[in-house]
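Q:
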Amino acid sequence: MTNVITLTDIHRLFIMGDQQFEALKGVTFSVQAGEFVAIMGASGSGKSTCMNILGCLDRPTSGGYLLDGTDVGQMNQDQLAEIRNRKLGFVFQGFNLLSRTPAVENVKLPLIYAGVASKERHDRAVAALAQVGLSGKEQNHTSQLSGGQQQRVAIARALVNNPAVILADEPTGNLDSSTSNEIMTLFSSLNSQGITIIMVTHEHDVAAFAGRQITFKDGWIIGDTKG
Amino acid sequence: MVKIIKVFSPFTIHRLQVKMDLLQTLKIALRALRTNKMRSFLTMLGIIIGIAAVIAMMAVGSGARHVISQQIASIGSNIILVIPGSTTSGGLRSGSGGTQTLTSDDVRAIINELPSVETAAPTVRSTAQMVFGNLNWSTIVMGTTQDLFDIREWGIVNGRGITRQDNDGAAKVCLIGQTVADNLFGASDPVGKMVRIKKVPFTIIGVLERKGQSPQGQDQDDVVYVPLRTAQRKLVGSQFPNTVGAVMVKARSAELLGQAEEEVKSLLNQRHRITAGKEPDFSIRNLSEILAVAEQSSKAMSLLLGAVASISLVVGGIGIMNIMLVSVTERTREIGIRMAIGARRNDILMQFMTEAVLLTMLGGIIGIILGAGGAIVVSRILEWPTLISVNSITIAFFFSGAVGIFFGFYPARKAAGLNPIDALRYE
Numbered sequence: 001m002t003n004v005i006t007l008t009d010i011h012r013l014f015i016m017g018d019q020q021f022e023a024l025k026g027v028t029f030s031v032q033a034g035e036f037v038a039i040m041g042a043s044g045s046g047k048s049t050c051m052n053i054l055g056c057l058d059r060p061t062s063g064g065y066l067l068d069g070t071d072v073g074q075m076n077q078d079q080l081a082e083i084r085n086r087k088l089g090f091v092f093q094g095f096n097l098l099s100r101t102p103a104v105e106n107v108k109l110p111l112i113y114a115g116v117a118s119k120e121r122h123d124r125a126v127a128a129l130a131q132v133g134l135s136g137k138e139q140n141h142t143s144q145l146s147g148g149q150q151q152r153v154a155i156a157r158a159l160v161n162n163p164a165v166i167l168a169d170e171p172t173g174n175l176d177s178s179t180s181n182e183i184m185t186l187f188s189s190l191n192s193q194g195i196t197i198i199m200v201t202h203e204h205d206v207a208a209f210a211g212r213q214i215t216f217k218d219g220w221i222i223g224d225t226k227g
Numbered sequence: 228m229v230k231i232i233k234v235f236s237p238f239t240i241h242r243l244q245v246k247m248d249l250l251q252t253l254k255i256a257l258r259a260l261r262t263n264k265m266r267s268f269l270t271m272l273g274i275i276i277g278i279a280a281v282i283a284m285m286a287v288g289s290g291a292r293h294v295i296s297q298q299i300a301s302i303g304s305n306i307i308l309v310i311p312g313s314t315t316s317g318g319l320r321s322g323s324g325g326t327q328t329l330t331s332d333d334v335r336a337i338i339n340e341l342p343s344v345e346t347a348a349p350t351v352r353s354t355a356q357m358v359f360g361n362l363n364w365s366t367i368v369m370g371t372t373q374d375l376f377d378i379r380e381w382g383i384v385n386g387r388g389i390t391r392q393d394n395d396g397a398a399k400v401c402l403i404g405q406t407v408a409d410n411l412f413g414a415s416d417p418v419g420k421m422v423r424i425k426k427v428p429f430t431i432i433g434v435l436e437r438k439g440q441s442p443q444g445q446d447q448d449d450v451v452y453v454p455l456r457t458a459q460r461k462l463v464g465s466q467f468p469n470t471v472g473a474v475m476v477k478a479r480s481a482e483l484l485g486q487a488e489e490e491v492k493s494l495l496n497q498r499h500r501i502t503a504g505k506e507p508d509f510s511i512r513n514l515s516e517i518l519a520v521a522e523q524s525s526k527a528m529s530l531l532l533g534a535v536a537s538i539s540l541v542v543g544g545i546g547i548m549n550i551m552l553v554s555v556t557e558r559t560r561e562i563g564i565r566m567a568i569g570a571r572r573n574d575i576l577m578q579f580m581t582e583a584v585l586l587t588m589l590g591g592i593i594g595i596i597l598g599a600g601g602a603i604v605v606s607r608i609l610e611w612p613t614l615i616s617v618n619s620i621t622i623a624f625f626f627s628g629a630v631g632i633f634f635g636f637y638p639a640r641k642a643a644g645l646n647p648i649d650a651l652r653y654e
């Protein structure tokens with residue numbers, strides 16, 4: 001199997017005035033194509049910082065990051081935007097959809113920034129919505145959808161660009177347990193179709209859906225278990 | 228795998244960047260404006276009022292200038308007017324034109340001796356009752372030569388003009404203005420009809436084309452022209468039959484106007500034996516100069532109005548900037564989402580710039596329509612001439628766009644400069 005993600009000795013130092021805080025103190029791990037990884041840890045453990053770096057939203061202070069074979073560690077903002085657009089799909093805790101906008105328009109967004117033609121954009125967005133079980137809801141405004149449906153729209157948006165990895169940050173944090181189960185089942189089925197997923201969570205039963213759990217504490221990885 | 232590395236190496240990524248198409252950017256901006264209709268409209272209002280004011284002011288200003296330039300044309304170009312001056316007799320000074328100090332011989336000398344003068348035409352003036360059948364009309368009777376109509380560029384619409392033969396023979400013929408024709412003849416053809424002026428029968432030989440109002444507001448068409456010699460002998464009844472009233476002098480070109488004025492002055496000084504220190508018995512008026520001054524002041528006026536209107540545009544622009552800043556703050560999360568999903572800084576910049584420019588341009592278009600409509604209403608109700616030029620509309624349109632670019636840039640740059648992580652967390 002090939003590595004989709006390779007992190008090598010990642011450090012992230014935050015400097016605010018004369019205060020320094022090292023959120024990541026040398027993190028090394030790799031993720032293979034088709035894996036479903038849960039990143040766990042208490043708040044302040046560095047898991048969110050790590051997720052931001054994985055998501056190309058933040059850059060490591062030092063260390064190497066290979067994403068799908070590309071060294072993204074020292075790219076500039078616009079290059080990172082391009083990488084986020086083509087290689088990554090994001091699913092957030094708060095859904096982060098555009099309100100008062102139809103579901104299909106939300107799903108189209110990444111394709112707009114990728115410069116995909118209008119017709120193809122629409123077809124792919126409709127297909128992605130079908131993939132998450134939202135056929136027929138294309139024109140519903142996101143505010144008219146339930147929490148679980150909103151998260152499905154967000155997952156469709158993450159899928160639409162055929163990314164190398166889907167990054168999910170507490171995807172069930174705002175959902176009740178039965179809806180959580182639905183969403184996690186959806187993730188599992190997407191994973192079984194070969195999609196690589198990395199998910200941050202602090203709930204063990206959610207993490208149990210993943211095939212591998214990486215645990216953070218105080219900026220270090222303290223556990224990496226499969227099964 | 229090797230292939231993917233090649234496609235997505237940092238070097239190629241730079242070239243792979245595909246611009247979001249303009250149509251899509253416009254759609255997004257339109258949707259953003261639609262979600263806040265009332266706010267968008269209120270924001271636009273500043274620009275609408277500013278542009279409407281600019282358009283209306285410019286229409287009123289250029290309408291006034293147009294009237295003035297028409298009046299200049301109605302006088303004729305390159306003309307100076309020589310009028311008899313006052314004389315002092317026994318301590319009493321008569322007013323300007325109070326005496327008849329200019330003669331036909333003076334006019335002949337002006338025409339023949341002065342190099343800068345193309346031609347000149349004397350006039351004598353009198354008011355008279357004109358009678359046709361059982362109708363009568365009080366009008367101004369002017370005696371003149373055939374040259375006057377060339378100088379004033381005044382054509383004949385019907386019949387013929389006064390000829391040299393008419394003048395030499397003191398023929399009892401007349402040319403009538405449109406107002407006279409309307410009042411005495413209505414729709415019927417006046418040419419060939421007999422009228423009586425001061426009991427003297429005259430044959431109408433032609434009708435002059437319409438001239439409209441003079442710069443002083445007089446109806447230039449309420450007039451009858453007869454040959455100079457006929458007027459001198461039959462109508463004016465002066466004790467000096469060879470004298471004339473005002474003399475219109477046409478210079479050979481606009482550049483020679485000043486020189487012609489000097490030449491006329493020194494010629495008449497010499498002929499009338501006016502020595503230094505003695506008050507001349509004539510005066511010279513340069514009508515084009517008077518009108519040029521009038522035009523200057525109306526230009527200054529419309530510039531002033533334009534400046535006032537521009538200030539309101541700037542105020543409107545500040546309103547746009549203010550609202551755009553609020554909008555950036557409100558939509559911080561949206562900006563974060565877009566960035567996370569792959570929007571480059573330029574995409575965000577363009578999105579907010581497009582919104583601002585769309586606001587001002589829409590405002591501009593509405594303002595142009597309102598301003599033009601307002602100008603038309605003003606010209607209808609106040610009977611004030613207005614002229615809406617394509618130029619002013621084009622300028623207003625692009626200026627409103629420029630206001631959007633200028634005042635939209637700072638908020639858009641602020642949006643584009645947001646950190647995606649902070650923007651996503653923004654509550």
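So the sequence lines, in the order shown, correspond to chains Y and Z. Going by my numbering, the first residue of the first sequence is number 1, and it counts up by one from there. Going by my numbering, the first residue of the second sequence is number 228, and it counts up by one from there. Positions of the beta carbon are idealized from the N, C-alpha and C atoms, including for glycine.
Name the residues in the region 32-48 of chain Y whose C-beta lies less than 8 Å from a C-beta of chain Z; which are they?
A: The residues in question: there are none.
Q: How long is the line joining the alpha carbons of S554 of chain Z and E654 of chain Z, rounded to whole angstroms?
A: The residue labelled residue 554 of chain Z in the question sits at position 327 within the second sequence. The residue labelled residue 654 of chain Z in the question sits at position 427 within the second sequence. So the alpha carbons of these two residues sit roughly 14 Å apart.
Q: By Cβ distance below 7 Å, which residues in the same chain neighbour R57 of chain Y in space, the five residues on each side in sequence not counted?
A: Your numbering for residue 57 of chain Y matches position 57 in the first sequence. Rather than Arg, the amino acid found at residue 57 of chain Y in this sequence is Leu. Nothing listed; no residue qualifies.
Q: Compile a chain-ordered list of the residues in the region 556-570 of chain Z whose CB is closer than 9 Å to at least one CB of chain Y.
A: Answer set for the region 556-570 of chain Z: R560, E561, G563, I564, R565, M566, A567, I568, G569, A570.
Q: For a test of the three-state rule: what should DSSP assign to V229 of chain Z, helix, strand or coil?
A: Mapped onto the second sequence, residue 229 of chain Z falls at position 2. In this prediction, V229 of chain Z has a pLDDT of 37, which is less than 50 and means its spatial position is unreliable; nothing more can be read from the coordinates.
Q: Grouping DSSP H, G and I as helix and E and B as strand, with all else coil, what is S415 of chain Z?
A: Numbered from 1 along the second sequence, position 188 holds the residue referred to as residue 415 of chain Z. Correct three-state label for S415 of chain Z: coil.
Q: Comparing alpha-carbon positions, which option in Z:R560, Z:E561, Z:D574, Z:I545 lies nearest S627 of chain Z?
A: Position 400 of the second sequence holds residue 627 of chain Z. Answer by Cα proximity: Z:I545.
Q: Give me the Cα-Cα distance between E34 of chain Y and R152 of chain Y, rounded to the nearest whole angstrom.
A: Residue 34 of chain Y sits at position 34 when you count from the first residue of the first sequence. Residue 152 of chain Y sits at position 152 when you count from the first residue of the first sequence. With the sequence shown as reference, residue 34 of chain Y is identified as Gly, and Glu is not the correct amino acid for it. For G34 of chain Y and R152 of chain Y, the distance between alpha carbons rounds to 20 Å.
Q: If you drop the 5 nearest sequence neighbours on each side, which residues of the same chain put their C-beta closer than 7 Å to that of G219 of chain Y?
A: Looking up residue 219 of chain Y in the first sequence gives position 219. Correct list, in chain order: E22, A23, L24, K25, G46.
Q: What number of angstroms, rounded off, separates the C-alpha of D393 of chain Z from the C-alpha of Q497 of chain Z?
A: In the second sequence, counting from the first residue as 1, residue 393 of chain Z sits at position 166. In the second sequence, counting from the first residue as 1, residue 497 of chain Z sits at position 270. Answer to the nearest angstrom: the Cα atoms are 32 Å apart.
Q: Does the region 478-496 of chain Z come into contact with the region 335-349 of chain Z, if we say contact requires no fewer than three beta-carbon pairs (one atom in each stretch) closer than 8 Å?
A: A contact exists between the region 478-496 of chain Z and the region 335-349 of chain Z.
Q: Rounded to whole angstroms, what's the CA-CA distance from G504 of chain Z to A286 of chain Z? Just pull it up for me.
A: As a first step, residue 504 of chain Z is located in the second sequence; it is residue number 277 there, counting from the start. As a first step, residue 286 of chain Z is located in the second sequence; it is residue number 59 there, counting from the start. Going by the C-alpha atoms only, they are around 49 Å apart.
Q: In terms of alpha-carbon separation, which member of Y:L97, Y:L7, Y:V132 lies closest to Q193 of chain Y?
A: Start at 1 with the first residue of the first sequence, and residue 193 of chain Y comes out as number 193. Looking at the Cα atoms, Y:V132 is the closest of the given residues.
Q: Which word fits S525 of chain Z, buried or exposed, when buried means at least 16 other C-beta atoms lie within 10 angstroms of its C-beta?
A: Stepping through the second sequence from its first residue, residue 525 of chain Z is reached at position 298. Classification of S525 of chain Z: buried, given that the 10 Å Cβ count is 16 or more.
Q: Does the distance from the CB of R423 of chain Z to the CB of V358 of chain Z come in under 7 Å?
A: Within the second sequence, residue 423 of chain Z is the residue found at index 196, counting from 1. Within the second sequence, residue 358 of chain Z is the residue found at index 131, counting from 1. Yes, these two residues count as a Cβ contact at 7 Å.
Q: Hey, is A81 of chain Y's beta-carbon within less than 7 Å of any beta-carbon in chain Z?
A: Taking the first residue of the first sequence as position 1, residue 81 of chain Y is located at position 81. Answer yes: the Cβ-Cβ gap between A81 of chain Y and chain Z drops below 7 Å somewhere.
Q: For the 8 Å Cβ check, are there 3 or more pairs between the region 430-437 of chain Z and the region 399-406 of chain Z?
A: Because the criterion of three Cβ pairs below 8 Å is met, the region 430-437 of chain Z and the region 399-406 of chain Z touch.
Q: For I648 of chain Z, go through chain Y and note every residue whose CB falls closer than 7 Å to its CB, in chain order.
A: Within the second sequence, the letter at position 421 stands for residue 648 of chain Z. Those within 7 Å of I648 of chain Z in chain Y are N52, L57, D58.
Q: With the cut-off set at 7 Å, would you say M577 of chain Z and F634 of chain Z are in Cβ contact?
A: Counting from one through the second sequence, the residue named residue 577 of chain Z turns up at place 350. Counting from one through the second sequence, the residue named residue 634 of chain Z turns up at place 407. Against a cut-off of 7 Å, the Cβ pair of F634 of chain Z and M577 of chain Z comes out as no contact.
Q: Pick out whichever of Z:P647, Z:E610, Z:E488 has its Cα sitting closest to the Cα of N305 of chain Z.
A: Numbered from 1 along the second sequence, position 78 holds the residue referred to as residue 305 of chain Z. It is Z:E488 whose Cα lies nearest to the Cα of N305 of chain Z.
Q: Spell out a yes or no on whether the region 35-42 of chain Y and the region 200-219 of chain Y are touching, meaning 3 or more CB-CB pairs, one atom from each, closer than 8 Å.
A: Result yes; three or more Cβ-Cβ pairs closer than 8 Å.
Q: Where K425 of chain Z and S606 of chain Z are concerned, what is the direct C-alpha to C-alpha distance, given to the nearest angstrom?
A: Residue numbering aside, residue 425 of chain Z sits at position 198 when the second sequence is read from its first letter. Residue numbering aside, residue 606 of chain Z sits at position 379 when the second sequence is read from its first letter. Going from the Cα of K425 of chain Z to the Cα of S606 of chain Z covers about 42 Å.
Q: Using the DSSP secondary-structure output, state which residues sit across from A311 of chain Z in a beta bridge.
A: Along the second sequence, one-based indexing puts residue 311 of chain Z at 84. The displayed chain sequence assigns Pro, not Ala, to residue 311 of chain Z. For P311 of chain Z, which the question treats as bridged, DSSP gives the partners Z:F509.
Q: Could you tell me how far apart the beta carbons of N174 of chain Y and G94 of chain Y are, in whole angstroms, since I believe they sit closer than 8 Å?
A: As a first step, residue 174 of chain Y must be located in the first sequence, where it is residue number 174. As a first step, residue 94 of chain Y must be located in the first sequence, where it is residue number 94. N174 of chain Y to G94 of chain Y, Cβ: 6 Å. Contact.
Q: I want to see whether chain Y comes within less than 7 Å of T587 of chain Z, judged by CB atoms only; does it?
A: Mapped onto the second sequence, residue 587 of chain Z falls at position 360. Taking Cβ atoms only, chain Y never reaches closer than 7 Å to T587 of chain Z, which makes this a no.
Q: Express the C-alpha separation of P171 of chain Y and I221 of chain Y in angstroms, rounding to a whole number.
A: Walking along the first sequence from the start, residue 221 of chain Y turns up at place 221. Walking along the first sequence from the start, residue 171 of chain Y turns up at place 171. Their Cα atoms are separated by approximately 22 Å.
Q: Are A283 of chain Z and G601 of chain Z touching if we call contact CB-CB under 7 Å?
A: In the second sequence, the residue the question calls residue 283 of chain Z occupies position 56. In the second sequence, the residue the question calls residue 601 of chain Z occupies position 374. Result yes, Cβ atoms of A283 of chain Z and G601 of chain Z sit closer than 7 Å.
Q: Would a C-beta distance cut-off of 7 Å place F579 of chain Z and A536 of chain Z closer than the cut-off?
A: The residue given as residue 579 of chain Z occupies position 352 in the second sequence. The residue given as residue 536 of chain Z occupies position 309 in the second sequence. For F579 of chain Z and A536 of chain Z, no; Cβs fall outside 7 Å.
Q: Taking only beta carbons into account, state which residues of the region 73-106 of chain Y come closer than 8 Å to chain Z, listed in chain order.
A: Going along the region 73-106 of chain Y in chain order, one finds M75, Q77, D78, Q79, A81, E82, I83, R84, N85, R86, K87, F90, F92, N96, L97, L98, R100, T101 with a Cβ nearer than 8 Å to chain Z.
Q: Taking buried to mean at least 16 other C-beta atoms within 10 Å of its own C-beta, is Q523 of chain Z buried or exposed?
A: Locating residue 523 of chain Z in the second sequence gives position 296, where the first residue counts as 1. Exposed, since its Cβ has fewer than 16 Cβ neighbours within 10 Å.
Q: For G370 of chain Z versus V294 of chain Z, is the C-beta distance shorter than 7 Å?
A: Position 143 of the second sequence, counted from the start, is the residue given in the question as residue 370 of chain Z. Position 67 of the second sequence, counted from the start, is the residue given in the question as residue 294 of chain Z. In this structure, V294 of chain Z does not lie closer than 7 Å to G370 of chain Z by Cβ.
Q: Report back the beta-carbon spacing between V4 of chain Y and A168 of chain Y to the nearest angstrom; my notes put them in contact at under 8 Å.
A: Indexing the first sequence from 1 puts residue 4 of chain Y at position 4. Indexing the first sequence from 1 puts residue 168 of chain Y at position 168. Not confirmed; about 15 Å, so no contact.
Q: If you reduce the DSSP assignment to three classes, tell me which class N3 of chain Y lands in.
A: In the first sequence, counting from the first residue as 1, residue 3 of chain Y sits at position 3. Looking at N3 of chain Y - three-state DSSP - the assignment turns out to be strand.
Q: In whole angstroms, what separates the C-alpha of L585 of chain Z from that of N263 of chain Z?
A: The count along the second sequence starts at 1 and reaches residue 585 of chain Z at position 358. The count along the second sequence starts at 1 and reaches residue 263 of chain Z at position 36. Each residue's alpha carbon lies about 14 Å from the other.
Q: For Q523 of chain Z, return the contacting residues in chain Y, with the cut-off set at a CB-CB distance below 9 Å.
A: What you label residue 523 of chain Z is simply residue 296 of the second sequence in a count that begins at 1. Here the premise fails: no neighbours, minimum Cβ distance about 55 Å.
Q: Contact between the region 59-79 of chain Y and the region 106-125 of chain Y: three or more CB pairs below 8 Å?
A: Result no; under three Cβ-Cβ pairs closer than 8 Å.
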